[in-house]
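One structure is given here, and the rest of the page talks about it.
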Amino acid sequence: MKPLSRRVLLASAAGAACVGTLPFIGIGTPVSSAPAATPRLRRGGSIHTMMNWADVEPNNAQRYAWPPFGASHFNISPELLRAFRQSGLDHIRLTVDPGPFLQADPAQLRQVNQILLQRCKQILAEDLQVVVDFHPTQQVERFAPERIVANESSALFKAYVAVLASVADAMRELDPSRVALEVMNEPPYGYDGFTAARWRRMLGAMHSAIRQANPALPLVLSGAAGGGITGLLSLEPASFNDPNLFWTFHYYDPHVFTHQGVVTSQSNMLYFRYLSGLAWPAERTNVQAVAALIAAKIDVDPNPPIADRELLKKQAIEAAEQYDKSRFSEERIKTDFGKVEAWARENNVTPERIYLGEFGIMRETADQPGAKAYDREAWMRSIRISAERRGFGWALWDINDTQMGLVERRNALPLHDGTLNALGLTVRPRPQTTP
5 MKPLSRRVLL ASAAGAACVG TLPFIGIGTP VSSAPAATPR LRRGGSIHTM
55 MNWADVEPNN AQRYAWPPFG ASHFNISPEL LRAFRQSGLD HIRLTVDPGP
105 FLQADPAQLR QVNQILLQRC KQILAEDLQV VVDFHPTQQV ERFAPERIVA
155 NESSALFKAY VAVLASVADA MRELDPSRVA LEVMNEPPYG YDGFTAARWR
205 RMLGAMHSAI RQANPALPLV LSGAAGGGIT GLLSLEPASF NDPNLFWTFH
255 YYDPHVFTHQ GVVTSQSNML YFRYLSGLAW PAERTNVQAV AALIAAKIDV
305 DPNPPIADRE LLKKQAIEAA EQYDKSRFSE ERIKTDFGKV EAWARENNVT
355 PERIYLGEFG IMRETADQPG AKAYDREAWM RSIRISAERR GFGWALWDIN
405 DTQMGLVERR NALPLHDGTL NALGLTVRPR PQTTP
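Counting in my numbering, the sequence shown runs from 5 upward without gaps.
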């Protein structure tokens, strides 16, 4: 889904300076004993609004404003966090944009590390564990994920490694039985042997630097290829010689179904905004009705993303037809998760160390297109059960948003009952109103 990479720019002087002071140890450096206690990641959700998409300078959209994450829209209420915990969630996957960390000078890096610790402590105070997920975005181009991992010898990648080590060192202040650090969300590339091998080397460099800074911190590692199952299966856990690791993958298949209605500027997904009515399992889809609805939506759209409406119709209708023919069902999910289960068994990874770090599906509301309630909740239930029966932990994507999340209104209560039911979470009675 991600665009082709461009040349990596030099990292910030501060980040590069940090690299020079960082002692590296080789991949496979022995870890003497298993950790005394680590998080038990069973049921969780990502929060993407507290430390991501930081504000940029008013006159320079390619530079982060400082200090980052200070505006009110980055806040989340204790009441909402408490409701997540009361529903049955046990952890929050806190997404963190590395861009401000990479831009920072040494004093600013200490400052933003403290901001991160404050956010973690806020979540921990509500009896929720925290996975700190380093989650690069395209917002400031020089810190885009494709640039960070395009060259393992670049100043930018070395600065990224230094930032991770700095964060790991700061996280010594937190209880390692309640936190973990995910080194990179959905790593790009890795769809061929060369870049997959490169990612494994880069993962080794990150792991080694973090272990030098904080030997006790649990880490979450992902394969490349966008962090999916294919990337995970290409990893060799034994090469890390570290019992304190979680192994993660993301699952949004079938993509055309889970992302129906999403509005994006990504060139190969412009027609997704017109998709609706795709059912679960795929064989329940009424292709003729879906095609008619697609055509009608495109005809009346006053601002289509491209001028060629017929091309949009063709792409969208063909996608719906291919989805119908795929006969995608729960059996495919079981097969896919079975591959992860087999990989874990072959590599002596216990099931509780496998982490479904993201899954989700667009929800249709009066204000946004998406999957119908029955279809959405049936798919989510299948994902959740397939993970739990194998002993995998999971985290729903973007739980404090309405598109794929767990709330009826962005960043506010109440929680959404249908989603709670599908996830096997607790639905609490609504307050009674007096007539």
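No residue lacks a Cβ here, since even glycine has one placed at the ideal position from N, Cα and C.
Cutoff 8 Å; reference residue i; Cβ partners in own chain excluding five residues on either side
| i | result |
| --- | --- |
| Val183 | Pro43, Cys124, Leu128, Gln133, Val134, Val135, Val136, Met175, Leu221, Pro222 |
| Ala391 | Phe341, Leu360, Gly397, Trp398 |
| Val35 | For Val35, the pLDDT reaches just 43, beneath the cut-off of 50, and the residue's location in the model is therefore unreliable, although a value from the coordinates is still provided. Closer than 8 Å at Cβ, skipping near neighbours: Arg215, Pro219, Asn245, Asp246, Pro247, Asn248. |
| Asp131 | Arg89 |
| Ser330 | Pro258, Ala286 |
| His77 | Thr53 |
| Arg67 | Val60, Glu61, Gln107, Val144 |
| Leu236 | Ser226, Gly227, Trp251, Thr252, Phe253, Val344, Trp347 |
| Ala75 | Asp59 |
| Pro309 | Ser269, Leu274, Arg277, Leu316 |
| Glu83 | Leu417 |
| Glu177 | Leu121 |
| Gly231 | Asn189, Glu190, Pro191, Thr252, Phe253, His254, Gly361, Glu362 |
Burial state of residue i, where buried means 16 or more other Cβ atoms lie within 10 Å
| i | result |
| --- | --- |
| Thr262 | buried |
| Ile378 | According to the sequence as given, residue 378 is Tyr; it is not Ile. Exposed: under 16 other Cβ atoms inside 10 Å. |
| Asn79 | exposed |
| His254 | buried |
| His95 | buried |
| Leu410 | buried |
| Pro27 | A caution first: Pro27 carries a pLDDT of 35, below 50, which makes its placement in the model unreliable, though a value can still be read off. Burial call: exposed. |
| Ala163 | buried |
| Val304 | exposed |
| Asn189 | buried |
| Arg357 | buried |
| Gly208 | buried |
| Ala65 | exposed |
| Arg97 | buried |
| Arg313 | exposed |
| Arg114 | exposed |
| Asn404 | buried |
| Ala200 | buried |
| Asn63 | exposed |
| Asn307 | exposed |
| Phe332 | buried |
| Ala296 | exposed |
Cβ-based neighbour list, residue i, same chain, cut-off 6 Å, excluding 5 preceding and 5 following
| i | result |
| --- | --- |
| Lys301 | Tyr278 |
| Ile298 | Tyr278, Ala320, Ile321 |
| Ala426 | Glu381, Met384, Arg385 |
| Pro149 | Pro140, Pro192 |
| Val294 | Gly281, Ala324 |
| Leu120 | none |
| Met210 | Val165, Leu168, Val187 |
Cβ pair residue i, residue j closer than 7 Å
| i | j | result |
| --- | --- | --- |
| Gly265 | Pro110 | no |
| Glu325 | Val291 | yes |
| Pro191 | Val165 | no |
| Pro102 | Val187 | no |
| Ala213 | Asp173 | no |
| Arg414 | Thr423 | no |
| Ala229 | Gly194 | yes |
| Leu225 | Trp251 | yes |
| Pro104 | Pro72 | yes |
| Gly227 | Ser238 | yes |
| Val260 | Ala323 | yes |
| Phe147 | Val100 | no |
| Asp328 | Thr369 | no |
| Trp440 | Gln143 | As shown, the chain starts at 5 and ends at 439. That puts residue 440 outside it, with no answer to give. |
| Ile402 | Ser50 | The question names Ile, but residue 402 in the sequence shown is Asp. Cβ distance < 7 Å, so Asp402 and Ser50 count as in contact. |
| Ile387 | Phe363 | yes |
| Ala87 | Leu417 | yes |
| Pro241 | Val353 | yes |
Same chain, Cβ closer than 7 Å to residue i, five either side skipped, listed in chain order
| i | result |
| --- | --- |
| Gly92 | Arg47, Leu429, Thr430 |
| Phe161 | Ile152, Val153, Asn155, Met206 |
| Arg394 | Phe341, Glu345, Pro355 |
| Thr25 | Model confidence at Thr25 stands at a pLDDT of 37, short of 50, so the residue's coordinates are unreliable; what they give is reported in the following sentence. Here the set comprises nothing. |
| Pro433 | none |
| Ser81 | none |
_Contiguous alpha helix (DSSP H) assignments of at least 4 residues, all confined to the region 402-436_ = With a minimum length of 4 residues, the continuous alpha helix (DSSP H) runs that stay inside the region 402-436 are 421-426.
*Can you list the beta strand (DSSP E) stretches of 3 or more residues lying completely in the region 245-291, in chain order?*
Runs found: 249-255.
_So within the region 195-230, which uninterrupted beta strand (DSSP E) runs reach at least 3 residues, ignoring any that extend past its ends?_
Residue ranges of uninterrupted beta strand (DSSP E) with 3 or more members, entirely inside the region 195-230 and ordered along the chain, are 223-226.
*the region 343-350 contacting the region 271-288, beta-carbon criterion three pairs below 8 Å*: Result no; under three Cβ-Cβ pairs closer than 8 Å.
*beta strand (DSSP E) segments (min. 3 residues) lying fully within the region 141-204*: With a minimum length of 3 residues, the continuous beta strand (DSSP E) runs that stay inside the region 141-204 are 183-186.
*Hey, which unbroken runs of the alpha helix (DSSP H) at 4 residues or more fall wholly within the region 326-408?*
Segments of the alpha helix (DSSP H) lying fully in the region 326-408: 334-350, 377-393.
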